[in-house]
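Take a look at the structure set out below.
There are 2 protein chains.
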Amino acid sequence: MRADAVRNREAVLAAADRLFAAATDPERISMDDVAAAAGVGKGTLFRHFGDREGLVRALHGIRGDRLRTTLAADRPDGPPAERVLHLLRELVRFKRDNRVLTLALENAGNGSPYRAESYEEWHTLLAGLVSEARGPEAADYLAHALLAAVRSDLVEHLGDWSDERWDAGLTALTRSVLRDMR
Amino acid sequence: MRADAVRNREAVLAAADRLFAAATDPERISMDDVAAAAGVGKGTLFRHFGDREGLVRALHGIRGDRLRTTLAADRPDGPPAERVLHLLRELVRFKRDNRVLTLALENAGNGSPYRAESYEEWHTLLAGLVSEARGPEAADYLAHALLAAVRSDLVEHLGDWSDERWDAGLTALTRSVLRDMR
DNA sequence: GAGCTTAGCGGACCGTCGGTCCGTTTGTGG
DNA sequence: CCACAAACGGACCGACGGTCCGCTAAGCTC
Numbered sequence: 572m573r574a575d576a577v578r579n580r581e582a583v584l585a586a587a588d589r590l591f592a593a594a595t596d597p598e599r600i601s602m603d604d605v606a607a608a609a610g611v612g613k614g615t616l617f618r619h620f621g622d623r624e625g626l627v628r629a630l631h632g633i634r635g636d637r638l639r640t641t642l643a644a645d646r647p648d649g650p651p652a653e654r655v656l657h658l659l660r661e662l663v664r665f666k667r668d669n670r671v672l673t674l675a676l677e678n679a680g681n682g683s684p685y686r687a688e689s690y691e692e693w694h695t696l697l698a699g700l701v702s703e704a705r706g707p708e709a710a711d712y713l714a715h716a717l718l719a720a721v722r723s724d725l726v727e728h729l730g731d732w733s734d735e736r737w738d739a740g741l742t743a744l745t746r747s748v749l750r751d752m753r
Numbered sequence: 572m573r574a575d576a577v578r579n580r581e582a583v584l585a586a587a588d589r590l591f592a593a594a595t596d597p598e599r600i601s602m603d604d605v606a607a608a609a610g611v612g613k614g615t616l617f618r619h620f621g622d623r624e625g626l627v628r629a630l631h632g633i634r635g636d637r638l639r640t641t642l643a644a645d646r647p648d649g650p651p652a653e654r655v656l657h658l659l660r661e662l663v664r665f666k667r668d669n670r671v672l673t674l675a676l677e678n679a680g681n682g683s684p685y686r687a688e689s690y691e692e693w694h695t696l697l698a699g700l701v702s703e704a705r706g707p708e709a710a711d712y713l714a715h716a717l718l719a720a721v722r723s724d725l726v727e728h729l730g731d732w733s734d735e736r737w738d739a740g741l742t743a744l745t746r747s748v749l750r751d752m753r
């Protein structure tokens, strides 16, 4: 990979990250804006990331790594319910901290949330925990339901909820769903 | 209201309904398409419905009325859990029957699912039932979570699930969440 | 039924956006 | 240092949502 290519790629990511962090509405950030902010031509932008979604995915991937790191760092070893609750809490925190970016990712249209690489990952993890807690029956769907309960636009809709309120909600949901009822 | 205005409004709704019913991707239906299919000028289209979202909302409203009627017709009088399950089942059925239209409504961007008039309605109803079943604590959030579990793009994502599989999932979720744990 | 008023019409037009194309520049291996 | 390909960048394109305004005809008045 040529040196300038690397440099430009980095510049684009940095600029885009800055723009998404500062914006209030993902749709207000055009690809031209990103290119301009990165001091790069539009062609370069599209050659590196394919299309808008590609760029957003790349950004999300980077931020997501930090989340995964955080999560790996202090993973609670308690019962499944505790681990699920912990994960959901972190997901909500992540989506609040990266509002515009996650909105851009999950609202790109055409079932976009489900096309993110990370979705599969969280879903598998959750399904396992659910299964561990209450048996395999419907664990798959319940994992989807849990993830749906922390979707970025719901987080957005409940914008001004305090941490406590979120916590109460997530706790109630998790405990309910993960309670063994076999 | 002038006669031709009424006629045109009707023509647009009919044409749009037809188009949405036939399409596989909401984004492939442009406002020009709708106007052309209705045999009407674009200006007329926008004067009647304001913008794209207005049109989709109008359509959804009409279809939604049928759903409400269905729901009012055979409402089960059992315990809250049964009533919630019934509602969720019907919502899923509705979203499968009106795939493209509900996708258009819920994917219009900017938290669109939460801006539909009907959302508030279902949420209030569910929150009441949840509260009745397990007390007011977090009932609000749990109702949101239940609705998130039947969001149109999740339904879409799980596209080929059989009725039985959906039923198992919804049953598990509903029973879990509505179980009194006070 | 004629005439007048105005609600309603329609389609040319506009700005924006995602994405492409291609002539030009620039990094790099030999 | 040269040659050549890789990378660049911005003019360009087609599509789309939405607006504007000159024209049409609906419907009221007398």
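These protein sequence lines map, in sequence, to chains F and E.
Our numbering puts the first residue of the first sequence at 572, with every later residue one more than the last.
Our numbering puts the first residue of the second sequence at 572, with every later residue one more than the last.
The C-beta atom is built at its ideal place from N, Cα and C for all residues, glycine as well.
Predicted, not measured: the structure shown is a model, and the values here were computed from it.
Just confirm the distance between the C-beta atoms of residue i and residue j, as a whole number of angstroms; I'd bet it's less than 8 Å.
i, j, result
"F:A609", "F:A629", "Not a contact, Cβ separation roughly 13 Å."
"E:L616", "E:M602", "6 Å"
Do residue i and residue j have their C-beta atoms closer together than 7 Å?
i, j, result
"F:A714", "F:A698", "yes"
"E:L674", "E:L741", "no"
"F:L662", "F:A704", "no"
"E:A679", "E:E624", "yes"
"F:L676", "F:V627", "yes"
"E:V605", "E:A593", "no"
"F:T745", "F:L642", "no"
"E:Y690", "F:H728", "no"
"F:R722", "E:A719", "yes"
"E:S702", "E:A710", "yes"
"F:P647", "F:R654", "yes"
"F:R634", "F:N669", "yes"
Would residue i count as contacting chain F if we go by Cβ distances under 7 Å?
i, result
"E:R660", "no"
"E:E727", "yes"
"E:S733", "no"
"E:A739", "yes"
"E:D724", "yes"
"E:Y690", "no"
"E:A709", "yes"
"E:L744", "yes"
"E:G682", "yes"
"E:A719", "yes"
Examine chain E for any beta-carbon lying closer than 7 Å to the beta-carbon of residue i, and answer yes or no.
i, result
"F:A678", "The amino acid occupying residue 678 of chain F in the given sequence is Asn; Ala does not appear at that position. Yes, F:N678 lies at the interface with chain E (some Cβ there is under 7 Å from its Cβ)."
"F:V748", "yes"
"F:A716", "yes"
"F:G730", "no"
"F:A698", "no"
The ligand SAM and residue i: does any heavy atom of the ligand fall closer than 6 Å to the residue's C-beta?
i, result
"F:A582", "By its list of ligands, the structure shown contains no ligand whatsoever, and the ligand SAM lies outside what it can speak to."
Scan the stretch 601-630 of chain E and note each continuous alpha helix (DSSP H) run of 4 residues or more that stays entirely inside, going in chain order.
-> The stretch 601-630 of chain E contains these whole alpha helix (DSSP H) runs: 602-609, 613-620.
Enumerated in chain order, which unbroken segments of the alpha helix (DSSP H) with a length of 4 residues or greater are wholly contained in the stretch 670-749 of chain F?
-> The stretch 670-749 of chain F is shown to contain whole alpha helix (DSSP H) runs of 4 or more residues at 670-677, 688-705, 710-719, 723-728, 734-749, in chain order.
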